[in-house]
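*Asks:* Every letter in the sequence shown is one number past the one before it in the numbering used here, and letter 48, counting from 1, is 63. Every residue gets a Cβ at the ideal spot worked out from N, C-alpha and C, and that includes glycine.
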Amino acid sequence: MRLRGGTRRRLDTWALAAGSAMSGLLAYVFFALVTRTLGPVLAAPVSVLWTYWSFAAAAVTFPVQHWIARSVAAHRGEGAVRRALPAVIAASVVLSAVTFGVAWAIRGPLFNRTTIWFPAILSLVTLGSGLVGVVRGGLTARLRFYSLGAELTAENALRCATAFALVAAGVRSPVAFGLCLAVGPLVALSWPSTLRYAAGPRGTAGDSPLTFLGGAAGGQLIGQSVLTGGPVVLALAGGGPADVTALFTALALFRSPYTLMLGLVSQLTGRLTRLVVEGRQEVLQRLRLALLAGTVLTVGAATAIGGTVGPRLLQLVFGHQVELSRLLTMVVGIGSALALANLIMTVALLAHNRGFAVTRVWLAALAAGGAVFVAGWAVSAPALDRTCLAFLAAELVGLAAAVVEERRAGVRADPSRSGSPSLPSPGRPG
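1) Enumerate in chain order the residues of its own chain whose CB-to-CB distance from residue 345 is below 6 Å, with the five nearest sequence positions on each side excluded.
2) So for residue 323, helix, strand or coil by DSSP?
3) Residue 421 to residue 96, Cα distance in whole Å?
4) Should residue 335 be labelled buried (16 or more other beta-carbon atoms within 10 Å of its own) or exposed?
5) Compute the beta-carbon to beta-carbon distance between residue 282 and residue 160, rounded to the nearest angstrom, for a pair I have assumed lies under 8 Å.
6) Using a 10 Å radius around the Cβ and a threshold of 16 neighbouring Cβ atoms, would you call residue 206 buried or exposed?
7) Taking the continuous alpha helix (DSSP H) assigned at residue 252, which residues delimit it?
8) Where residue 59 and residue 126 are concerned, what is the direct C-alpha to C-alpha distance, given to the nearest angstrom?
9) Between residue 261 and the rest of its own chain, which residues show a CB-CB distance below 7 Å, the 5 nearest in sequence each way excluded?
10) Would you identify the three-state DSSP class for residue 293, choosing helix, strand or coil?
11) One question on the structure: do residue 377 and residue 238 come within less than 8 Å of each other, judged by their Cβ atoms?
12) Excluding five sequence neighbours on each side, which residues of the same chain lie with their C-beta closer than 8 Å to the C-beta of residue 41?
13) Check whether the Cβ atoms of residue 246 and residue 269 sit closer than 8 Å, and answer yes or no.
14) Which whole runs of the beta strand (DSSP E) in the stretch 116 to 174 are 3 residues long or more, in chain order?
15) Take the Cβ of residue 253 as the centre, count every other Cβ of all protein chains shown within 10 Å, and call the residue buried at 16 or more, exposed below.
16) Just verifying my parser: in three-state terms, what is the DSSP assignment at residue 334?
17) Look at the Cβ atom of residue 275, then the Cβ atom of residue 39, and state whether they are nearer than 8 Å.
18) For residue 139, which residues from the same chain have a beta carbon less than 7 Å from its beta carbon, with the 5 sequence-adjacent residues on both sides left out?
19) From this set, 387, 291, 362 and 364, which residue's C-alpha is nearest residue 90's C-alpha?
20) Taking just the CA atoms, how far does residue 166 sit from residue 104?
21) Does DSSP put residue 221 in a helix, in a strand, or in coil?
22) Over the uninterrupted alpha helix (DSSP H) stretch that includes residue 60, give me the two end residues.
23) Assign residue 421 to one of three DSSP states: helix, strand, or coil.
24) Who are the near neighbours of residue 194 in its chain, counting only those whose CB is closer than 7 Å to its CB and skipping five residues on each side?
25) On a CA-only basis, which of 293, 410 and 53 is nearest residue 242? Give me that one, please.
26) On a Cα-Cα basis, can you pick out the residue from 72, 312, 265 and 394 that is closest to residue 199?
27) Assuming residue 46 and residue 65 make a contact with CB atoms under 8 Å, what is their CB distance in whole Å?
28) How would you write the range of the alpha helix (DSSP H) that residue 271 sits in, first residue to last?
29) Rounding to the nearest angstrom, what Cα-Cα distance links residue 151 and residue 163 in this structure?
30) Taking all protein chains shown into account, decide if residue 392 is buried (16 or more other Cβ within 10 angstroms of its Cβ) or exposed.
31) Assign residue 326 to buried or exposed, taking buried as 16 or more other Cβ atoms, counted over all protein chains shown, within 10 Å of its Cβ.
32) Apart from the five residues just before and just after residue 384, which ones in its own chain have a Cβ nearer than 7 Å to its Cβ?
33) Do you know offhand how far residue 308's Cα is from residue 300's?
34) If you run the structure through DSSP and keep just helix, strand and coil, what is residue 43?
35) What would DSSP say about residue 367, mapped onto helix, strand or coil?
36) Helix, strand or coil: which one does DSSP assign to residue 339?
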């Protein structure tokens, strides 16, 4: 039975939402299992690996996935991906080797170990992130959202399964649990067809996937640092352990909608790209205004929750010893709500083929956050207050910069402004 378009899209959305939610839940299960089994000291190297994996997912998996989805939609075929994929794979291998070299050089302070295993695992995680990006990109481009939702769940399910097997076997090795992170991407091989792309007509001249990926990866890396790096900044600024933990838990709690949205935006890339290629600027303008209106609503909800039951909610989820004031809980909630809008705007910029615009957006955001942090230091504000306000400022400026960049990309692509009656090009990188 053939489903109507609206019904199909709703089912796809539910599949992605379920996959994202289960993936996030299984991630917490895995790390809780590691810390409970190894204890806080032995689990420390695995924590470093886990942190790196989150950055690799942002800087490698996300750009590769959305590059493939965008390229197939823009060129109306898979030929451009097929021709560029060897260069992308080679770049992933080089990045993996560089990661190993850097991790080996600083393995002592990074892992408090001299073994080769942890740098090797970081290298494998990098390669795995590239593999997952290719598979997710293929599933996204071919509109196989049920399979994409299953892949999102299966990756962390495999990690949990291997970790449970280690516990059952009585293994207490940090290296063994670290390898669980590296084996997760192997589940992507369950969809081998996504590693094969059909030949087709050549893409537009000047298309550069590595330029696109480089810009997108740099921006995503900075954006992920802004989103998750607050506890590290606070610790370096002299914040106490209790404050660091409180900020970490607040960010983790209010980031849960963002984690869910990471899977859902997979549907947007192809649709937005087609609107860009077809020159549907009036539709893009309406979507931009709808996003801003939705952001106002989510910010209002975050303000209400953070300023009322937020601190109690933190204690309910993470324990009664976690304490964060209502004001700071509200600030973190608002910043996290803005991060949702920034994620969607990032996808919009990628649809316009503006990889380096993503980097510019997050450089501006990082500068704003740094300025607020320094200004707070100049007036002797507490480190926790400065860190929370810097996070909010970075997300706010990031959204403003992204709207400007996306609007500018739309103006450049608008044929009515260039006098050309033909369809606009998909855009040039950056």
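*Replies:* From the atom records:
1) If you number the sequence shown from 1, residue 345 lands on position 330. The answer, listed in chain order, is 318, 321 and 322.
2) Numbered from 1 along the sequence shown, position 308 holds the residue referred to as residue 323. When DSSP states are grouped into helix, strand and coil, residue 323 belongs to the coil group.
3) Taking the first residue of the sequence shown as position 1, residue 421 is located at position 406. Taking the first residue of the sequence shown as position 1, residue 96 is located at position 81. Going by C-alpha positions, residue 421 is about 24 Å away from residue 96.
4) Within the sequence shown, the letter at position 320 stands for residue 335. Burial call: exposed.
5) The count along the sequence shown starts at 1 and reaches residue 282 at position 267. The count along the sequence shown starts at 1 and reaches residue 160 at position 145. The beta-carbon distance between residue 282 and residue 160, rounded to whole angstroms, is 7 Å. This is short enough to meet the 8 Å contact definition.
6) As a working mapping, residue 206 is identified with position 191 in the sequence shown. Residue 206 comes out buried.
7) Taking the sequence shown and counting its residues from 1, one reaches residue 252 at position 237. Taken as a continuous stretch (DSSP letters only), residue 252 belongs to no alpha helix (DSSP H), as it is neither H nor E.
8) Within the sequence shown, numbered from 1, the residue matching residue 59 stands at position 44. Within the sequence shown, numbered from 1, the residue matching residue 126 stands at position 111. Taking the straight line from one Cα to the other gives about 7 Å.
9) The residue labelled residue 261 in the question sits at position 246 within the sequence shown. When the five nearest sequence neighbours on each side are left out, the beta carbons in the same chain lying within less than 7 Å of the beta carbon of residue 261 are those of 337, 338 and 339, in order along the chain.
10) By 1-based counting over the sequence shown, the position of residue 293 is 278. Looking at residue 293 - three-state DSSP - the assignment turns out to be coil, as it is neither helix nor strand.
11) Stepping through the sequence shown from its first residue, residue 377 is reached at position 362. Stepping through the sequence shown from its first residue, residue 238 is reached at position 223. Yes; because the gap between Cβ atoms is below 8 Å, this pair is in contact.
12) If you number the sequence shown from 1, residue 41 lands on position 26. Counting only Cβ-Cβ distances below 8 Å, and skipping sequence neighbours, we find 168, 171, 172, 174 and 175.
13) In the sequence shown, the residue the question calls residue 246 occupies position 231. In the sequence shown, the residue the question calls residue 269 occupies position 254. No, they are not a contact pair.
14) Runs of the beta strand (DSSP E) inside the stretch 116 to 174: none found.
15) Indexing the sequence shown from 1 puts residue 253 at position 238. Exposed: under 16 other Cβ atoms inside 10 Å.
16) Taking the first residue of the sequence shown as 1, we reach residue 334 at position 319. The answer is coil: DSSP assigns residue 334 none of H, G, I, E or B.
17) Counted from its first residue, the sequence shown places residue 275 at position 260. Counted from its first residue, the sequence shown places residue 39 at position 24. Yes, the pair counts as a contact, with Cβ atoms nearer than the cut-off.
18) Numbered from its first residue, the sequence shown carries residue 139 at position 124. Around residue 139, the same chain offers 197 as residues with beta carbons nearer than 7 Å, after the five sequence neighbours per side are excluded.
19) Along the sequence shown, read from residue 1 onward, the residue named residue 90 stands at position 75. Nearest C-alpha to residue 90: 291.
20) Stepping through the sequence shown from its first residue, residue 104 is reached at position 89. Stepping through the sequence shown from its first residue, residue 166 is reached at position 151. Residue 104 and residue 166 have their C-alpha atoms roughly 20 Å apart.
21) Looking up residue 221 in the sequence shown gives position 206. Residue placement at residue 221 is flagged as unreliable, the pLDDT there being 46, under the threshold of 50; the coordinate-derived value follows with that caveat. Residue state for residue 221 is assigned as coil, using DSSP reduced to three classes.
22) Here the question's residue 60 lines up with position 45 in the sequence shown. Boundaries of the alpha helix (DSSP H) around residue 60: 59 to 71.
23) For the purposes of this step, residue 421 is identified with residue 406 of the sequence shown, where counting begins at 1. Residue 421 falls in the helix class under three-state DSSP.
24) The residue given as residue 194 occupies position 179 in the sequence shown. Same-chain partners within the cutoff: 136.
25) In the sequence shown, the residue the question calls residue 242 occupies position 227. A check of alpha carbon separations from residue 242 across 293, 410 and 53 identifies 410 as the nearest.
26) Working through the sequence shown from its first residue, we reach residue 199 at position 184. Selected option, being the one with the closest Cα: 72.
27) Within the sequence shown, numbered from 1, the residue matching residue 46 stands at position 31. Within the sequence shown, numbered from 1, the residue matching residue 65 stands at position 50. Going by Cβ atoms, the distance from residue 46 to residue 65 rounds to 6 Å, so yes, they are a contact pair.
28) What you label residue 271 is simply residue 256 of the sequence shown in a count that begins at 1. Note, residue 271: alpha helix (DSSP H), 271 to 279.
29) Numbered from its first residue, the sequence shown carries residue 151 at position 136. Numbered from its first residue, the sequence shown carries residue 163 at position 148. Looking at the two C-alpha atoms, the distance is approximately 6 Å.
30) Stepping through the sequence shown from its first residue, residue 392 is reached at position 377. By the neighbour-count rule (16 or more Cβ atoms within 10 Å), residue 392 is not buried but exposed.
31) Taking the first residue of the sequence shown as position 1, residue 326 is located at position 311. Buried is the label assigned to residue 326, since at least 16 other Cβ atoms lie within 10 Å of its Cβ.
32) Residue mapping note: residue 384 aligns to position 369 of the sequence shown, counting from 1. Excluding positions up to five away in sequence, the list reads 241, 405, 406, 408 and 409.
33) On the sequence shown, position 293 is the one that residue 308 refers to. On the sequence shown, position 285 is the one that residue 300 refers to. Cα to Cα, the separation comes out at about 12 Å.
34) Counted from its first residue, the sequence shown places residue 43 at position 28. Residue 43: helix per DSSP, three-state reduction.
35) Start at 1 with the first residue of the sequence shown, and residue 367 comes out as number 352. Secondary structure at residue 367: coil, using DSSP grouped into helix, strand and coil.
36) Indexing the sequence shown from 1 puts residue 339 at position 324. If DSSP states are grouped into helix, strand and coil, residue 339 belongs with coil.
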